[in-house]
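What follows is one structure encoded as structure tokens, with my remarks underneath.
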Amino acid sequence: MNKLFVTLSKVTLGLVVALAAVSCNQNAKTGSTTPSGDSTTSSTVKEEKIVYINSDTLSEKYEYFKDIRAKLEAKVKKAQSDLQSKGQAFQREVAEYQQKAATMSASDRQATEEKLARKQDELGRLDQNASASIAQDESTEFNNVYNTITEYLKKHAEDNGYTLVLTYSKSNPTVLYADKNLDITANVIDALNKEYKDKKASDKK
Numbered sequence: 001m002n003k004l005f006v007t008l009s010k011v012t013l014g015l016v017v018a019l020a021a022v023s024c025n026q027n028a029k030t031g032s033t034t035p036s037g038d039s040t041t042s043s044t045v046k047e048e049k050i051v052y053i054n055s056d057t058l059s060e061k062y063e064y065f066k067d068i069r070a071k072l073e074a075k076v077k078k079a080q081s082d083l084q085s086k087g088q089a090f091q092r093e094v095a096e097y098q099q100k101a102a103t104m105s106a107s108d109r110q111a112t113e114e115k116l117a118r119k120q121d122e123l124g125r126l127d128q129n130a131s132a133s134i135a136q137d138e139s140t141e142f143n144n145v146y147n148t149i150t151e152y153l154k155k156h157a158e159d160n161g162y163t164l165v166l167t168y169s170k171s172n173p174t175v176l177y178a179d180k181n182l183d184i185t186a187n188v189i190d191a192l193n194k195e196y197k198d199k200k201a202s203d204k205k
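Residue numbers (full-length UniProt numbering): 1 to 205.
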């Protein structure tokens with residue numbers, strides 16, 4: 001019955017945020033004249049504005065994610081406690097049977113062993129079902145967090161004319177170097193936390 005311990009270790013978030021948002025008012029127009037004296041033609045050149053977010057910092061400081069992580073961890077611990085309690089009760093039944101087996105009839109021993117085998121199978125199913133339920137909750141909750149972040153970033157990128165928003169993580173350093181001036185993590189966290197705080201306040205009304 002160790003599936004839940006594996007599930008608990010997976011209660012982390014891999015924030016992979018990559019979106020492209022083009023802002024029309026950020027386009028720059030340049031003109032060129034051919035050496036032969038042909039008429040001047042103009043072409044639109046899009047100014048590329050690339051920024052990045054530190055997903056490690058985001059997962060540490062985004063209150064919505066922290067609440068979800070705590071909620072999932074509490075559910076895992078409760079399931080572990082319930083299974084441990086049932087497992088200990090089962091072990092007591094096994095010990096009791098082992099003490100009495102020598103004085104039991106063959107038919108009673110067979111019936112008791114079959115009953116214990118059914119209980120052992122039931123404990124295994126409970127473990128599997130609890131793990132599957134928690135994994136489903138984890139997937140649903142983290143998808144909600146991901147969608148909240150990406151929806152905000154779409155608006156944020158459009159408002160600020162960002163062409164691309166990258167993500168950086170020490171565990172997955174796809175961005176090997178980036179100018180600190182391109183880091184918008186703090187602003188995004190402040191805005192997301194304000195949005196989440198407002199939503200919680202609204203839900204309480």
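Built from N, CA and C at the ideal position, the CB exists for glycine as well.
Since the model is a prediction, treat every value here as computed from it, not as a measurement.
When DSSP builds the beta bridges, which residues end up paired with Asn-54? By 1-based counting over the sequence shown, the position of residue 54 is 54. Its beta-bridge partners are Tyr-168.
Alpha helix (DSSP H) containing Asp-108: first to last residue? Here residue 108 is taken as the residue at index 108 of the sequence shown, counted from 1. That run of the alpha helix (DSSP H) goes 106 to 160.
Rounded to whole angstroms, what is the Cα-Cα separation between Ser-202 and Thr-140? As a position in the sequence shown, residue 202 is number 202, starting the count at 1. As a position in the sequence shown, residue 140 is number 140, starting the count at 1. The straight-line gap from Cα to Cα measures roughly 22 Å.
Would the beta-carbon of Leu-123 fall within 8 Å of that of Gly-87? For this step, residue 123 is matched to residue 123 along the sequence shown. For this step, residue 87 is matched to residue 87 along the sequence shown. Closer than 8 Å, so yes.
Which residues share a DSSP beta bridge with Asp-183? Along the sequence shown, one-based indexing puts residue 183 at 183. In DSSP, Asp-183 forms a bridge with Tyr-52.
Three or more C-beta pairs below 8 Å linking the segment 57 to 73 and the segment 87 to 102: no
Short CB-CB distance (under 8 Å) between Lys-200 and chain B: The displayed structure is made up of one protein chain only, and chain B is not part of it.
Using only the alpha-carbon positions, how far apart do Ala-74 and Ser-81 sit? Taking the first residue of the sequence shown as position 1, residue 74 is located at position 74. Taking the first residue of the sequence shown as position 1, residue 81 is located at position 81. For Ala-74 and Ser-81, the distance between alpha carbons rounds to 11 Å.
Sub-8 Å separation of Val-165 and Leu-153 beta-carbons: Your numbering for residue 165 matches position 165 in the sequence shown. Your numbering for residue 153 matches position 153 in the sequence shown. The answer is yes: Cβ separation under 8 Å.
Which whole-angstrom value describes the C-beta separation of Leu-83 and Ile-149, a residue pair presumed to lie in contact below a C-beta threshold of 8 Å? In the sequence shown, the residue the question calls residue 83 occupies position 83. In the sequence shown, the residue the question calls residue 149 occupies position 149. That pair is no contact at about 34 Å.
If I follow the unbroken alpha helix (DSSP H) through Leu-176, where does it start and stop? For the purposes of this step, residue 176 is identified with residue 176 of the sequence shown, where counting begins at 1. Per DSSP, Leu-176 belongs to no alpha helix (DSSP H) and is neither H nor E.
State buried or exposed for Glu-47, treating a residue as buried only when at least 16 other CB atoms are found within 10 Å of its CB. Within the sequence shown, numbered from 1, the residue matching residue 47 stands at position 47. Flag for Glu-47 reads exposed.
Once the 5 residues before and after Tyr-196 are set aside, which same chain residues still bring their CB inside 6 Å of it? Here residue 196 is taken as the residue at index 196 of the sequence shown, counted from 1. Answer for Tyr-196: Glu-63 and Tyr-64, listed in chain order.
By alpha-carbon positions, which one of Glu-151, Asp-190, Glu-138 and Asn-172 ends up nearest to Asp-56? Walking along the sequence shown from the start, residue 56 turns up at place 56. The shortest C-alpha separation from Asp-56 is found at Asn-172.
Closest by C-alpha distance to Ile-53, when choosing among Asp-121, Ala-157 and Ala-79: For this step, residue 53 is matched to residue 53 along the sequence shown. The candidate whose alpha carbon is nearest that of Ile-53 is Ala-157.
Excluding the 5 residues flanking Lys-170 on each side, which residues of the same chain have their C-beta closer than 8 Å to its C-beta? Taking the sequence shown and counting its residues from 1, the one referred to as residue 170 is at position 170. Hits under 8 Å: Asp-56.
Taking only three categories from DSSP, how would you classify Tyr-64? Reading the sequence shown from its first residue, position 64 is the one you call residue 64. Tyr-64: helix per DSSP, three-state reduction.
Could you round the C-beta distance between Val-51 and Ile-184 to whole angstroms and report it? I think they count as a contact, below 8 Å. In the sequence shown, the residue the question calls residue 51 occupies position 51. In the sequence shown, the residue the question calls residue 184 occupies position 184. Indeed, because the Cβ distance is near 5 Å, the residues count as touching under 8 Å.
Report the rounded CA-to-CA distance for Lys-199 versus Ala-117, giving the unit in angstroms. Start at 1 with the first residue of the sequence shown, and residue 199 comes out as number 199. Start at 1 with the first residue of the sequence shown, and residue 117 comes out as number 117. Approximately 50 Å between the Cα atoms of the pair.
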